[in-house]
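Asker: Just so you know, we're using my numbering here: the sequence shown kicks off at 13 and counts up by one. Glycine included, each C-beta is placed from N, C-alpha and C at the ideal position. Computed from a predicted structure; not experimentally measured.
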Amino acid sequence: MNNGLPSIENYLIGSNLEYFNSCLLPEVSNPTSEDIAKKIETLKNDTVDKPYFFIGAGTCGLGAGALHTEKALIGVLKNINVDYEIIKVGCIGLCFAEPILDIFLPGKNRISFGNVTSDKVESMVKALLQEDEKVLCQALFQYRSKDLKVWENVPFMEDYPFFKKQKRIVLNQCGIINPLSIGQYVAHNGYLALAKTLKELTPLEVCTIIEKSGLKGRGGGGFLTGKKWKFALNTPSDQKYFICNADEGDPGAFMDRAVVEGDPHKLLEGLIIAAYAIQATKAYIYIRAEYPLAIAHLEQAISDLYAWKILGSNIFDSGFDLDIIIKKGAGAFVCGEETALIHSIEGKRGMPRPRPPFPAVSGLHGKPSVINNVETLANISAIILMGCEWFNSMGNNNSKGTKVFALSGKIKNTGLVEVPMGITMREIIFDIGGGPKNDKLFKAVQIGGPSGGCVTNENLNIEIDYDSLKTIGAMMGSGGLVVMDEDNCMVDVAKFFMDFIQRESCGKCIPCREGTKQMQNILEKITRGRISEKGNDALDRFKGILQLEELSNTIKETSLCGLGQSAPNPVLSTLKYFRHEYEAHIFDRRCPSGVCSELINFEIIEDKCKGCTLCAKKCPSGAIKGSPKAPHYINNEKCIKCGQCLKICKFGAIIKN
């Protein structure tokens, strides 16, 4: 095996697990170690005896048309009468290149093609089967192997720009292996860490290994995972629970969903090890119902684990029992907070409660409970196998290991990236993400979702870790990165996040419930045109900035839970770095980016206007005046900012500013 690990057949399969053998080779009675080894090698897919086709069928791939690609592929292969196998895999991270099709021919490296829509399948597949290398110019990359033939002039995966600066631990098998095949997961060292844990380590030793590794909670809290586990382990109780938070409520975040869709067994192995570490006999996976594909993959994986007796009673003949239950959430953002999530599992309304006591002491049903998110648990098996020193060697002094980010917004290479802690934001945005689309100027990146803040151009060289981001008013959060360019209005961005937070507030505490509503109202007034103003709206505009800052500080200091305390962050962050945009909205009644429709002014350029009168006829508010064959003008007091004049002018005489 790789990395000097003991062989699976000797270490795992040979541990008095007859039922494990029978699941790998159900057609063979009393399989030998050689039989098992041969089966495992076959499941690895290191070599193939017929063409294999791997289709990226995660949510992003399906949205891009992967099922149409599959249908076209089946039709082509039937017509040319080729023996083949098609495997659906998860997202490898290249969301911008979906649908992705990998082709693995006997004797040659597996090769990956992007943007393979149904109309491209026939020509591509036929050319590759006929070894026509002209099609290679369309390839993304090829996978490295020891003995197979290399495709000329096609980069290896690790040399492809998107992956070059990545370090993949959590995502190392996503988009590569079949997520529904427990056998293939086992063939890639799957459940070896669990077997080692149950065979060699005490619960306290597991907690200590994870603590020494420096792994911090990847859900945004950044608390040492092993230390959190020790609190629960050392709390006496007749029942303990472990909860995986797969709810992922931040706009622009899709890391956990992709991991569950692409490699559910990695999450489950980490969850079982974690449950053993605190001696929990029941575990929950709390996942939003809006993730049907992820839920389906989890259900299949858990069913297979029970069939292989890796869940249930006496796992691996160790005396350890565990059941895992899937709990579907309704998509409430507040249920990302630990105590609100616990209330939801208990069948109550998802609302936070004061702490202490912390869940590790008194959580689900009043029993010791630990909550970790998907990414945190997906790191566990690698740490157990490779050692805490290995994990601790990655990252910087403040944050260890890697972090998965979801790149979205106005960036060329949208998708999932996993990078070492300590990498700069500039490297993520420009070297991996390719920079803003259409070569627009970079403006900011929102990190940490509604609870986070903006990283601007002046701070792009900051190292990504839990402590550094706090110094500029941002936070790691769960890992969403929403990129904005010169065309984004930062007041509008703040209004979007405040609207989201206000709607998602559980309403339990007044500062969050009423404070965010007041902040939302102020932002609405700031972006409103004169024609929509009523009462004291004009006066309130001038008080806007001061009131926003005062309300923000009050909410941060007095809200009950962490979500409420971080609710003002998007406003405070944009105020800090883009105060001039707020002032333009308030004092000049102007949106510099031309996004806030009520503050857009349309102007007719006199030299270009032919006096055709078409714009005046189409204006619904009668704001355009002028004589035929003479330059027209716009009365901005009457203009309702509908933009019809801009669309209809044939001479380019109308501009917006």
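Give the straight-line distance between the Cα atoms of Y298 and R269, rounded to the nearest whole angstrom.
Answerer: Y298 and R269: Cα-Cα distance of roughly 12 Å.
Asker: Do A352 and P364 have their C-beta atoms within less than 7 Å of each other?
Answerer: In this structure, P364 lies closer than 7 Å to A352 by Cβ.
Asker: Could you tell me which residues DSSP puts in a beta bridge with C256?
Answerer: In DSSP, C256 forms a bridge with I297, N384.
Asker: Does the distance from the CB of A84 to the CB of S130 come in under 7 Å?
Answerer: It is a contact, given that the beta carbons lie within the stated cut-off.
Asker: Taking the Cβ atom as the reference point for each residue, do L55 and Q185 lie within a distance shorter than 7 Å?
Answerer: The answer is no: Cβ separation not under 7 Å.
Asker: What number of angstroms, rounded off, separates the C-alpha of P276 from the C-alpha of K412?
Answerer: Distance between the alpha carbons of P276 and K412 is about 23 Å.
Asker: Give the straight-line distance between the Cα atoms of Q530 and I444, rounded to the nearest whole angstrom.
Answerer: If I take the Cα positions, the gap works out to 39 Å.
Asker: Answer yes or no: do L453 and E498 have a C-beta to C-beta separation smaller than 7 Å?
Answerer: Going by C-beta atoms, L453 is nearer than 7 Å to E498.
Asker: Quick check: the region 454-470 against the region 488-505, are there 3 or more CB pairs under 8 Å?
Answerer: Enough Cβ pairs lie closer than 8 Å, so yes.
Asker: Are the CB atoms of S571 and C518 nearer to each other than 7 Å?
Answerer: Result no, Cβ atoms of S571 and C518 do not sit closer than 7 Å.
Asker: I believe G421 touches G264 by the beta-carbon criterion, under 8 Å. Please report the beta-carbon distance rounded to the nearest angstrom.
Answerer: Contact holds; Cβ gap of about 7 Å.
Asker: In whole angstroms, give me the CA-to-CA distance for N565 and R515.
Answerer: The straight-line gap from Cα to Cα measures roughly 20 Å.
Asker: Could you compute how far the alpha carbon of G232 sits from the alpha carbon of D451?
Answerer: When rounded, the distance between both Cα atoms is 31 Å.
Asker: Could you give the distance in angstroms between the alpha-carbon of K100 and the alpha-carbon of K228?
Answerer: About 32 Å.
Asker: If we ignore side chains and look at the alpha-carbon of each, how far apart do K653 and G623 end up?
Answerer: For K653 and G623, the distance between alpha carbons rounds to 21 Å.
Asker: Which class does F614 belong to by DSSP, given the choice of helix, strand or coil?
Answerer: In the structure shown, F614 sits in a strand (DSSP, three-state: E or B).
Asker: Less than 7 Å separating the beta-carbons of A286 and F328?
Answerer: No.
Asker: When the Cα of V272 is compared with those of I290, G341, A289, A308, which residue comes out closest?
Answerer: It is A308 whose Cα lies nearest to the Cα of V272.
Asker: Using the beta-carbon count (16 or more within 10 Å), is T539 buried or exposed?
Answerer: It is buried - the Cβ of T539 has at least 16 other Cβ atoms within 10 Å.
Asker: Is it buried or exposed for Q178, if we count other Cβ within 10 angstroms and need 16 for buried?
Answerer: Result: buried.
Asker: So, does the region 114-128 touch the region 148-160, judging by three or more C-beta pairs under 8 Å?
Answerer: A contact exists between the region 114-128 and the region 148-160.
Asker: Please say whether G348 and D259 have beta carbons closer to each other than 7 Å?
Answerer: For D259 and G348, yes; Cβs fall inside 7 Å.
Asker: Can you give me the C-alpha to C-alpha distance between L192 and F66, rounded to a whole angstrom?
Answerer: About 13 Å.
Asker: Look at the alpha carbon of N14 and the alpha carbon of T81, and state the distance between them as a whole number of angstroms.
Answerer: Any reading at N14 is ruled out, since the residue's pLDDT is 44, under 50, leaving its predicted position unreliable.
Asker: Using the three-state DSSP reduction, which class does N14 fall into: helix, strand or coil?
Answerer: Unreliable placement is indicated for N14, whose pLDDT of 44 sits below 50; no coordinate value is reported for it.
Asker: Go ahead and label D316 buried or exposed: buried means 16 or more other beta carbons lie within 10 angstroms of its beta carbon, across all protein chains shown.
Answerer: Buried, since its Cβ has 16 or more Cβ neighbours within 10 Å.
Asker: For I98, write down the residues that DSSP places opposite it in a beta bridge.
Answerer: In DSSP, I98 forms a bridge with F65.
Asker: Figure out for me which residue from A394, L305, L560 has the closest Cα to the Cα of G73.
Answerer: Of the candidates A394, L305, L560, the one whose C-alpha sits nearest the C-alpha of G73 is L305.
Asker: Below 8 Å, can you find three or more Cβ-Cβ pairs linking the region 582-594 to the region 474-491?
Answerer: Touching, yes.
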